[in-house]
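Peer 1:
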Amino acid sequence: MPDQAVDIVTIFPEYLAPLRESLLGRAIARGQLRVDVHDLRSWTDDAHRTVDDTPYGGGPGMVMLAEPWARALDDLAPPESSAQPRLIVPTPTGRRFTQEIAAELAQQKWLLFACGRYEGIDARLTDYAGQRMVVDEISLGDYVLCGGEVAVLVIMEAVARLMPGVLGNAASAAEDSFTDTVDGLLEAPVYTKPATWRGLNVPEVLLSGHHGNIADWRRQQSVELTRRRRPDLLEG
Ligand code: 6GU
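Residue 966 is where the sequence shown starts when you use my numbering, and the numbers rise one by one after that.
(1) Return the bridge partner residues of residue 1003 from the DSSP annotation.
(2) Could you check if residue 983 is buried or exposed, using at least 16 other CB atoms within 10 Å of its CB as the buried criterion?
(3) Taking C-alpha atoms, which residue in 1020, 972, 968 lies nearest to residue 995?
(4) Which parts of the stretch 981-1063 are runs of the beta strand (DSSP E), unbroken and 3 residues or longer, counting only runs that do not cross its ends?
(5) Indicate whether at least one CB of chain D lies closer than 8 Å to the CB of residue 987.
(6) Have a look at residue 1176 and residue 1122 and give me their C-alpha separation to the nearest angstrom.
(7) Relative to the C-alpha of residue 1067, which residue among 1160, 1128, 1190 is closest?
(8) Any chance the stretch 1086-1101 sits against the stretch 1033-1040, with 3 or more Cβ pairs inside 8 Å?
(9) When you compare the CB positions of residue 1185 and residue 1154, do they come within less than 8 Å of one another, or not?
(10) Near residue 1105, which residues of its chain fall below 7 Å by C-beta distance, leaving aside the five closest residues on each side in sequence?
(11) What's the C-alpha gap between residue 1076 and residue 1100?
(12) Buried or exposed for residue 1146, going by 16 or more other Cβ atoms inside 10 Å?
(13) Where residue 998 and residue 992 are concerned, what is the direct C-alpha to C-alpha distance, given to the nearest angstrom?
(14) Within the continuous alpha helix (DSSP H) that includes residue 1119, where are the two ends?
(15) Under the DSSP definition of a beta bridge, which residues are partnered with residue 1104?
(16) Do residue 988 and residue 1002 have their C-beta atoms closer together than 8 Å?
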């Protein structure tokens, strides 16, 4: 049995195909991770396979019905079962996704993503799910996507590389931008061979073999880059 499991419910299952590529694909192939994508419409029972309706109180667009979602949850994670997933609902009204949240999700045994479309899901769905599982509404940032599917790809790409045993080189995840080991600074620029390329040179210090000087240079580059591009990270 895989160490970790991910279920994704969506009305566009094909959208999640990229999850089988690359890092995640290899973890799935090695049997470390189970990823299953489910069509929400399979939990409808009318001829039109309806998943939405007009909003109470008026307003634009359509709202996803709670019932198909509840059936999906009850099927994938029966209420009487003691094992329950962490429910992730991507939504622009969620708390902002960060590296810290990615690290937290990477520790979970079981993640269940509910991809909303249209104007979102009937708010009672998270109340219902919250009766038995931890529910996390997450936003990628201050812009609006058409649906949660791409958000799931983003979240899973950030989470997968932090999952125990998924990344080949565990050290490289720890040193990346936004993790604690660089004190919340952006990473210094990186270079590889050749040392001179189309008239452009690699900074001399990186060729020196002097580890102390290299560490100092990288630190100074990190601080400078962060001051220019992300001064918000330097506050406090
Ligand atoms: Cl997670 N979902 C949607 N639909 N829009 C978003 C988002 C999520 N994060 C930012 N915009």
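By construction, the Cβ of each residue, glycine as well, lies at the ideal position given by its N, Cα and C atoms. Just so we're clear, the structure is a prediction, and the values are computed from it rather than from any experiment.
Peer 2: On the basis of the data shown:
(1) The sequence position of residue 1003 within the sequence shown is 38, counting from 1. In the DSSP assignment, residue 1003 is bridged to 974.
(2) As a working note, residue 983 is residue 18 in the sequence shown. Residue 983 should be labelled exposed.
(3) Taking the sequence shown and counting its residues from 1, the one referred to as residue 995 is at position 30. Comparing Cα positions, the closest option is 968.
(4) 998-1004, 1051-1061
(5) Given the protein chain composition of this structure (a single chain), no chain D is represented.
(6) Against the sequence shown, residue 1176 aligns to sequence position 211. Against the sequence shown, residue 1122 aligns to sequence position 157. As the crow flies, the alpha-carbon of residue 1176 is around 32 Å from that of residue 1122.
(7) Numbered from its first residue, the sequence shown carries residue 1067 at position 102. The residue with the shortest Cα to Cα distance from residue 1067 is 1128.
(8) yes
(9) Position 220 of the sequence shown holds residue 1185. Position 189 of the sequence shown holds residue 1154. Their beta carbons are not under 8 Å apart, which means residue 1185 does not touch residue 1154 by this criterion.
(10) Numbered from its first residue, the sequence shown carries residue 1105 at position 140. 1062, 1116, 1119.
(11) As a working note, residue 1076 is residue 111 in the sequence shown. As a working note, residue 1100 is residue 135 in the sequence shown. In this structure, the alpha-carbon of residue 1076 lies about 10 Å from that of residue 1100.
(12) The residue labelled residue 1146 in the question sits at position 181 within the sequence shown. In this predicted model, residue 1146 has a pLDDT of only 39, less than 50, meaning its place in the structure is not dependable; the value taken from the coordinates is given anyway. By the Cβ neighbour-count rule, residue 1146 is exposed, with fewer than 16 other Cβ atoms within 10 Å of its own.
(13) Position 33 of the sequence shown, counted from the first residue, corresponds to residue 998. Position 27 of the sequence shown, counted from the first residue, corresponds to residue 992. Taking the straight line joining both Cα atoms gives about 6 Å.
(14) As a first step, residue 1119 must be located in the sequence shown, where it is residue number 154. Counting along the chain, the alpha helix (DSSP H) containing residue 1119 begins and ends at 1114-1125.
(15) Locating residue 1104 in the sequence shown gives position 139, where the first residue counts as 1. According to DSSP, residue 1104 bridges with 1061.
(16) Residue mapping note: residue 988 aligns to position 23 of the sequence shown, counting from 1. Residue mapping note: residue 1002 aligns to position 37 of the sequence shown, counting from 1. Not closer than 8 Å, so no.
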